[in-house]
Structures are given as structure tokens and as C-alpha cells.
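A.B. asks:
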Amino acid sequence: MDLYEIRGGRLGVIAEEAELQELSRESTAMETYNVGSPPSLTGAEDGSDGEEDAFKEGETEGEIILIRDQLQEKVAEMESFAGHLEEIFLTVEENFGRQEQHLEQHYNDVLQTLSQRQDESAARLEEEKKGKLEALYGQLLACGQALDASKELIETAQEVYRSQDKRLFLKTVMPTIKRIEEFAKDEVDLTLSTCLEFNTPLADLSDVKTMMDSINIVPAPSAPVINPQMPNSATQTSLRVCWSLFSDDTVEYYELYYRPVLEDTPADSAFTPQVSKVTLKETHCTVADLLPNAQYELWVTATNTTGISPASEKALYMTVPSPPVIKQRECSSCPEAALIRWESGNTNPVDSYTVELREMGADGTESSITESIVAVPTCQCLIQLQPGRRYLICVRAVNIGGPSDRSEPITITTTGTFFYLLEDTAHPCLSISEDGFTIFYGDEELPISAMALDDNTFTRCVAVLGDLIPVRSRHYWEVEVDDGTEFRIGVAYENTERNSYLGANSTSWCMRHILSPSRHKYEFLHNGWSPDLRITVNPVRIGVALDYDRGTLSFFNVNLEQHLHTFHCHFRNYVHPCFSLDNPGALTVHNGIEAPEYAFI
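For the sequence shown, the tail end lands on 654 under my numbering, and the numbers increase by one without skipping.
1. Just tell me which of Ala129, Phe222, Ser246, Asp458 has its CA closest to the CA of Lys185.
2. Using C-beta distances below 8 Å, list every residue in its chain close to Leu189, excluding the 5 sequence neighbours before and after it, in chain order.
3. Looking at the unbroken alpha helix (DSSP H) that takes in Thr229, where does it start and where does it end?
4. Among residues of its own chain, excluding the 5 on either side of Asp430, which ones have a beta-carbon nearer than 7 Å to its beta-carbon?
5. Of all the options Pro637, Glu487, Phe490, Leu483, which has the alpha carbon lying nearest to the alpha carbon of Thr510?
6. Hey, out of Ile522, Pro440, Thr303, Asn644, whose CA is closest to Ile393's CA?
7. Taking the C-alpha atoms as reference points, what is the distance between Thr658 and Trp530?
8. Rounded to whole angstroms, how far is the Cβ of Gly360 from the Cβ of Ala273, which I believe are closer than 8 Å?
9. Quick check: Ala390 and Val597, are their CB atoms within less than 7 Å of each other?
10. Classify Leu243 as buried or exposed, calling it buried when 16 or more other Cβ atoms lie within 10 Å of its own Cβ.
11. Report the CB separation of Asn552 from Thr512 in whole angstroms; it is logged as a contact under 8 Å.
12. Answer yes if the region 535-548 comes into contact with the region 562-571, meaning at least three C-beta pairs across the two stretches below 8 Å, and no otherwise.
13. Have a look at Cys622, Glu409, Phe493 and flag the residue whose alpha-carbon is nearest the alpha-carbon of Arg459.
14. Taking a contact to mean a Cβ-Cβ separation below 7 Å, would you say Ile710 touches Leu474 in this structure?
15. Kindly give me the distance between the Cβ atoms of Met371 and Ala287, rounded to whole angstroms, as I take these residues to be in contact under 8 Å.
16. On the DSSP bridge assignment, give the partners of Leu343 in chain order.
17. Let's test the definition: count the other Cβ atoms within 10 Å of the Cβ of Asp514 and tell me whether it reaches 16, buried, or not, exposed.
18. At a cut of 8 Å, does the region 364-383 reach the region 343-354 through at least three beta carbon pairs?
19. Distance, Cα to Cα, Thr619 vs Phe609?
20. Rounded to whole angstroms, what is the Cα-Cα separation between Ser569 and Val590?
21. Can you look up Glu305 in the DSSP assignment and give me helix, strand or coil?
22. Taking the alpha-carbon of His480 as reference, which of Asp122, Pro630, Ala516 has the nearest alpha-carbon?
23. Identify, in the order they occur along the chain, each residue of the same chain with its Cβ nearer than 7 Å to the Cβ of Phe222, setting aside the five sequence neighbours on each side.
24. With three or more C-beta pairs closer than 8 Å as the rule, is the region 374-381 touching the region 442-452?
25. Leaving out five residues before and five after Cys631 in sequence, what residues of the same chain have Cβ atoms less than 8 Å from its Cβ?
26. Asp635 to Gly398, Cα distance in whole Å?
27. Applying the criterion that 16 or more other CB atoms from any shown protein chain within 10 Å of the CB defines a buried residue, is Pro440 buried or exposed?
28. Please list the segments of the beta strand (DSSP E) lying wholly inside the region 497-567, counting only runs of 3 or more residues, in order along the chain.
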């Protein structure tokens with residue numbers, strides 16, 4: 054009977070038992086309703102009977118559910134056991150097929166050897182027969198010649214004897230006698246020159262005997278061949294390894310060896326990673342308790358009763374990477390898109406990344422639909438989104454072994470433009486709050502020797518840039534300042550001069566507040582020039598509206614919904630928000646808010 058039929062039959066019996074249990078439950082429920090005391094005339098007794106029946110029914114249902122769960126566990130265990138038996142069955146069948154092929158090959162080899170021996174013996178007999186016939190033929194010729202000579206002498210002697218001429222007789226008789234005497238001296242060998250029996254030596258069948266004896270001796274296996282790693286064949290801590298045996302060898306068991314590959318270990322180092330070993334009968338194995346995103350070197354040997362095969366060629370497998378870590382302070386968004394940045398979190402390089410996003414409802418529930426952006430080559434991704442939505446975004450790292458677990462998610466809201474400040478651009482005298490949206494300029498001046506300056510840091514203007522998402526659309530944010538604070542706010546190219554003031558060059562546009570003894574002065578600077586404008590009400594909260602398509606940068610008094618000024622410029626490159634304090638004070642950035650209607654009229 055086929056293993057699949059056995060397995061199907063057993064599972065069918067289990068299914069029938071489950072059906073019987075269901076029928077039993079139904080019959081028990083019917084008995085609970087039908088069997089009992091006769092209906093009482095009093096409502097109290099009816100109520101107590103009903104409660105007792107309900108209790109019994111609930112207890113019976115609980116027992117049936119428990120039995121059903123136990124049956125389901127047994128079904129799962131039997132399915133797992135049947136799967137294991139199926140693997141063993143296939144292994145036994147494979148070994149039997151190899152042994153059968155081995156015996157057939159031996160049989161063919163023995164027949165071929167015997168056929169060769171027969172051909173050799175027949176050839177020797179043919180040669181011996183040819184030699185005997187040639188010897189007999191030569192002896193036959195010699196006898197014929199002797200008979201002819203004897204006959205000729207007899208006839209000559211008779212003629213001499215019958216001769217009437219005495220003188221002729223005396224003349225010929227003596228030579229004839231001499232010839233007869235000489236002929237008589239020649240002895241004729243009348244024995245056979247060759248033996249009539251054929252010499253048939255015993256054939257040397259020692260090699261055949263060796264071959265026959267070797268049928269019962271299983272040869273040592275040849276080297277197995279380990280398969281290359283298949284996609285999605287690993288987890289963070291395990292690898293599924295497969296190999297094959299391209300021969301007719303019989304194998305009792307296999308031994309799989311593996312060790313981690315440490316790339317930072319010097320070639321002349323005496324340290325070598327520990328080699329682990331697993332013994333098993335199947336041609337596949339799941340190796341567990343491994344390191345994430347690590348390379349492992351694996352090889353396998355086959356063993357039977359005769360000996361151990363040579364080791365297979367070593368193969369490199371990789372476990373699944375660790376989850377990436379999203380860098381929340383470096384993520385930005387706008388109503389149409391989001392820029393997500395992350396760290397790999399793995400020492401070994403990964404093949405690519407997958408970004409997954411799910412939309413969230415107003416009540417915080419997550420959508421069941423997950424969108425994926427695959428084959429992201431670097432540690433950042435610009436994602437197109439829908440305005441006015443909330444998204445839950447996470448990242449997976451992918452290598453040949455498969456995808457990692459999800460990273461910790463980040464929530465992105467596309468209500469408005471959201472960004473953090475680029476701390477690596479901040480002047481050393483600026484301090485940034487923990488939440489990343491408020492900058493402080495203290496009273497104490499730092500000596501130049503105490504300032505940590507680099508090429509990206511503002512050195513003259515006490516300023517910092519914001520990390521605006523690189524999307525050519527509409528962006529809006531607000532800035533809150535005190536009346537007594539001198540500031541510059543606006544936008545600038547990423548490569549704006551760090552040793553220049555904002556608005557004093559061709560790569561920045563800003564609104565400047567200057568305190569004078571008589572009034573508050575406001576300038577709208579670009580390339581060192583400002584139009585002559587007078588603002589009567591000091592804005593405390595200023596809205597900044599950037600429109601790439603129209604090429605405008607506008608400033609508003611948010612509290613009064615008052616337009617202050619608009620720059621008109623075709624921005625060749627992406628710009629960044631910029632913020633500067635010209636005297637001690639504080640400035641707070643408000644972003645991620647919806648742009649008011651008047652901002653882009």
C-alpha cells in the first residue's frame with residue numbers, strides 16, 4: 054500500500070471520529086432537552102430544572118470542546134509524524150533503488166566478464182584446432198609421398214624382372230636395388246604427430262569470484278553535492294540546507310558540518326571558528342541557533358558500513374538579516390510623499406530593502422491591506438502618499454536567505470509638511486531642544502577654540518537648516534519668536550555659503566527682524582537687497598509658504614492672517630528651511646500642520 058494511501062486512510066478515520074463526536078454532542082444536547090422530570094405546575098420547579106439542564110448542557114459542551122481540541126492536537130501530531138514517515142519512506146525507497154541499480158550493474162559486469170572469458174577460451178581452442186589439423190595434414194602429405202615412391206619402385210622392379218634382355222637386366226638391376234635399399238633405410242613415422250585430445254585449461258575466474266563476493270560488500274559512498282542556497286530558505290537564526298548524491302551509493306547517514314565565516318579575522322590569525330556537526334538520515338536539514346545576517350560555511354559527508362565519503366565542496370549560506378532601524382529624526386514628509394531613512398543594523402551587507410506601509414483609520418485601526426515597495430537598494434526611500442492620511446511604515450532587510458522581521462514602525466501623517474532640523478549644520482552657539490524643534494542662542498559667547506567646526510557647519514551666521522523633503526510641491530510651516538529676538542527665517546540651497554549671513558547671498562531668501570531703539574524693523578533679503586517695507590504689527594507667529602510650481606516664497610502674520618511679502622524665484626534646486634538668531638533668544642518651528650487657505654491663493 055502507498056504511504057499516501059495509509060496517511061489518507063488514518064486521517065480519514067480521525068475525521069470520522071470527529072464527526073462521531075459532533076453527532077454525540079448533538080444527541081447529548083437532545084437528551085438534555087428531552088430527558089428529565091415531568092413538567093411541574095409550579096414555576097419555581099420549572100426554573101430550577103431549566104437551570105440544572107442549562108448547567109449540564111454547558112458542562113457537556115465544555116467537555117466536547119476539550120475533546121475536540123485534543124483530537125485536533127492529535128491530528129496535528131499524526132500529520133507531522135506522517136510527514137516524517139513519508140520522508141523516511143522516500144529515503145528507504147531511494148536507497149533501495151540505488152541498491153537495485155548496484156546489483157544490476159554487478160550482474161552486467163559479471164556477464165560481461167564471463168562473455169570475455171568464453172570468447173578467449175573459444176579463440177584458444179580455435180588456435181589449437183588449427184595447429185592439430187595442420188600437423189595431421191603435413192603427416193598425411195608425407196605418407197602419400199612415401200606411398201608414391203614405394204609404388205614407383207615396385208613398378209620399376211617388376212619391369213626389370215620381366216625384362217628378356219639379359220644385358221639390360223644386368224645394367225638396370227643394380228641401380229634399382231640401390232634405390233630400394235636407400236628407400237628401405239628411410240624410416241616412415243607411423244605415429245600421430247599430434248594428440249587427438251584438446252588441452253582445455255581451467256579458465257581464470259578469480260576476478261569473477263571477486264566481483265561475486267563484492268556484491269555483498271557495499272562500497273563507500275562518493276562525495277555528496279551540497280545545493281546552492283535557495284531564496285527564502287532561512288530565518289534570522291536558522292538555515293535550511295539540501296544536498297544530493299549523484300551516484301548509486303548506499304548511505305546509512307549523513308554528517309553536516311557548519312561554521313560561521315568571520316570576515317574581519319586576519320588571514321594569519323590562529324583563531325578559527327568552532328565547527329558544529331549534525332547527524333541525520335535525510336538529504337536536508339534545518340540548522341538552528343545561528344546568528345542573524347551571518348555567513349556560514351557548510352559541507353557534508355556520507356557514511357555507510359564500509360566507510361565515509363570524501364567531504365562535499367563547501368557552500369556559503371546566509372541567515373536572514375536583523376530588522377533595520379528607522380532613523381525618525383531623519384524622516385520627513387509632505388501631503389504628497391514621505392522620505393524614510395533607516396540604518397541597516399547588520400554588519401554584513403544586504404541585497405535590498407522592502408518598505409511596507411498600511412493606512413490607519415481615524416480611530417487608530419490599521420488597514421488589512423499592506424503595500425510594499427521592493428528592491429530598494431539604499432537606506433532611504435521616497436514614497437508617494439495620499440494627502441490627509443495617516444500611515445504606519447516599517448522596513449525589512451532582504452538577502453538570499455529571505456526578508457527580515459519588520460522594523461519598529463513609524464507613523465507618518467500627510468496633513469502638512471514635516472521635517473526635523475539638520476543638527477550637523479547648526480552653528481556651535483546654537484542649542485537644539487530634545488524634541489528637535491526649538492533652537493536656543495545663549496548669552497555666553499564661545500571662544501573660537503571651543504567651537505567644533507566642520508565644512509557643513511555655519512560659522513558666521515548663528516543658523517541651522519531644516520531637512521525638507523525633496524519634493525517639488527507646496528510646503529508650509531510656521532515659526533514662533535519673541536518680540537525681543539532678532540532672527541532670520543526663510544529658505545536656502547543646501548550648498549549655501551556657511552561663512553555668510555542668510556539673505557546676503559544669491560543662494561538664500563529670508564525675512565529678517567532687527568531691533569532698533571525706535572521700532573521693529575523687518576527686511577526681506579536676497580543677495581543682500583531688500584524692498585522698502587514697513588510692518589506695523591509685530592508678527593509673533595510667522596507662516597512660511599513655499600510653492601515650487603509657482604516659484605514663490607511667502608511670509609504671513611499667522612495671528613492676523615496678514616500677507617507680509619512674497620519672493621518670486623524659479624528655484625533651480627531643492628531648498629531647505631533656514632533659521633538664524635542674531636541675538637540671544639529662542640525660536641520654535643511648528644510643522645506637520647495643514648496650510649491655511651490664504652497661504653497659496
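Built from N, CA and C at the ideal position, the CB exists for glycine as well.
Quick caveat, the model's predicted, so the values are computed rather than measured.
C.D. replies: Walking through what the data contain:
1. One-based indexing of the sequence shown puts residue 185 at position 132. That would be Ser246, whose Cα lies nearest to the Cα of Lys185.
2. Mapped onto the sequence shown, residue 189 falls at position 136. Leu245, Ser246, Thr247, listed in sequence order.
3. Taking the first residue of the sequence shown as position 1, residue 229 is located at position 176. Taken as a continuous stretch (DSSP letters only), the alpha helix (DSSP H) holding Thr229 covers 219-238.
4. By one-based count along the sequence shown, residue 430 stands at place 377. Note that residue 430 corresponds to Pro in the displayed sequence, not to Asp. In its chain, beyond the 5 residues on either side, Ser405 have a beta carbon closer than 7 Å to the beta carbon of Pro430.
5. Translated into the one-based positions of the sequence shown, residue 510 becomes position 457. When only C-alpha atoms are compared, the closest one is Leu483.
6. As a first step, residue 393 is located in the sequence shown; it is residue number 340 there, counting from the start. Cα-wise, what sits closest to Ile393 is Ile522.
7. The question about residue 658 has no answer here: the residues shown for the chain are numbered 54 through 654.
8. Numbered from 1 along the sequence shown, position 307 holds the residue referred to as residue 360. Numbered from 1 along the sequence shown, position 220 holds the residue referred to as residue 273. That pair is a contact at about 4 Å.
9. In the sequence shown, residue 390 corresponds to position 337, counting from 1. In the sequence shown, residue 597 corresponds to position 544, counting from 1. Contact flag unset, no.
10. Taking the sequence shown and counting its residues from 1, the one referred to as residue 243 is at position 190. With fewer than 16 other Cβ atoms from the protein chains shown falling within 10 Å of its own Cβ, Leu243 counts as exposed.
11. To locate residue 552, count along the sequence shown from 1; it is residue 499. To locate residue 512, count along the sequence shown from 1; it is residue 459. Beta-carbon to beta-carbon, Asn552 and Thr512 are separated by about 5 Å, close enough to satisfy the 8 Å threshold.
12. Cβ pair count under 8 Å is three or more, so yes.
13. As a position in the sequence shown, residue 459 is number 406, starting the count at 1. Minimum Cα-Cα distance from Arg459 among the listed residues Cys622, Glu409, Phe493 corresponds to Glu409.
14. With the chain covering 54 to 654 only, the question about residue 710 has no answer from this structure.
15. Locating residue 371 in the sequence shown gives position 318, counting from the first residue. Locating residue 287 in the sequence shown gives position 234, counting from the first residue. About 7 Å separates the Cβ atoms of Met371 and Ala287, confirming a contact at the 8 Å cut-off.
16. What you label residue 343 is simply residue 290 of the sequence shown in a count that begins at 1. Leu343 is not bridged to any residue.
17. Here residue 514 refers to the residue found at position 461 of the sequence shown. Here the sequence assigns Cys to residue 514, which means Asp is not the residue at that position. Counting Cβ neighbours within 10 Å, Cys514 comes out buried, since at least 16 surround it.
18. Between the region 364-383 and the region 343-354 there are three or more inter-stretch CB-CB distances shorter than 8 Å, so the stretches are counted as touching.
19. Position 566 of the sequence shown, counted from the first residue, corresponds to residue 619. Position 556 of the sequence shown, counted from the first residue, corresponds to residue 609. Approximately 9 Å, taken between the alpha carbons.
20. In the sequence shown, residue 569 corresponds to position 516, counting from 1. In the sequence shown, residue 590 corresponds to position 537, counting from 1. Going by the C-alpha atoms only, they are around 15 Å apart.
21. Residue numbering aside, residue 305 sits at position 252 when the sequence shown is read from its first letter. In the three-state scheme derived from DSSP, where H, G and I count as helix and E and B as strand, Glu305 is classed as coil.
22. Stepping through the sequence shown from its first residue, residue 480 is reached at position 427. The residue with the shortest Cα to Cα distance from His480 is Ala516.
23. Along the sequence shown, one-based indexing puts residue 222 at 169. If we look at Phe222 and ignore the five residues flanking it on each side, its Cβ neighbours are Val213, Ser216.
24. Yes: the two stretches touch, three or more of their Cβ pairs being nearer than 8 Å.
25. Stepping through the sequence shown from its first residue, residue 631 is reached at position 578. Excluding residues within five positions, the ones whose Cβ falls inside 8 Å are Ala516, Val517, Leu518, Gly519, Arg541, Ile542, Gly543, Val544, Ala545, Thr549, Leu555, Ser561, Cys563.
26. To locate residue 635, count along the sequence shown from 1; it is residue 582. To locate residue 398, count along the sequence shown from 1; it is residue 345. When rounded, the distance between both Cα atoms is 40 Å.
27. Taking the sequence shown and counting its residues from 1, one reaches residue 440 at position 387. Exposed, by the Cβ-count rule.
28. Taking 3 residues as the minimum length, the beta strand (DSSP E) runs contained wholly in the region 497-567 are 516-519, 527-534, 540-546, in order along the chain.
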